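Residue numbering for the sequence shown follows the working numbering, starting at 365 and increasing by one per position. Read the structure below first, then the notes.
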Amino acid sequence: IRKRIYKFPKMGVKAKMIAVTTTSGTGSEVTPFAVVTDDATGQKYPLADYALTPDMAIVDANLVMDMPKSLCAFGG
365 IRKRIYKFPK MGVKAKMIAV TTTSGTGSEV TPFAVVTDDA TGQKYPLADY
415 ALTPDMAIVD ANLVMDMPKS LCAFGG
């Protein structure tokens, strides 16, 4: 994360980010990593920056109750 290809200037105060998990087991709702997918090509672009770390994470068991068993098994 410390070595970046390019840098963005600080633009001021960032908005608070709240992540809501829709799967369980990955912990991705509290990490500084993200993946953006180009729908046209299917190409995935990984992002890593401490600015992406959410300020708060909401884990609601009701959101994962109807998750397919296979997805639950893959997530951990």
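All C-beta atoms in this analysis are idealised placements derived from N, C-alpha and C, irrespective of residue type, glycine included. Since the model is a prediction, treat every value here as computed from it, not as a measurement.
| Check | Outcome |
| --- | --- |
| Of the listed residues Lys408, Ala398, Met429, nearest to Thr417 (C-alpha basis) | Ala398 |
| Spatial neighbours of Tyr409 in its chain, beta-carbon cut-off 8 Å, leaving aside the 5 residues before and after | Val399, Val400, Thr401, Asp402 |
| Coarse secondary structure for Lys433, derived from DSSP in three states | helix |
| From Asp430, Leu435, Met431, Met420, residue whose alpha carbon lies closest to that of Ile382 | Met420 |
| Helix, strand or coil at Ala379 according to DSSP, with G and I counted as helix | coil |
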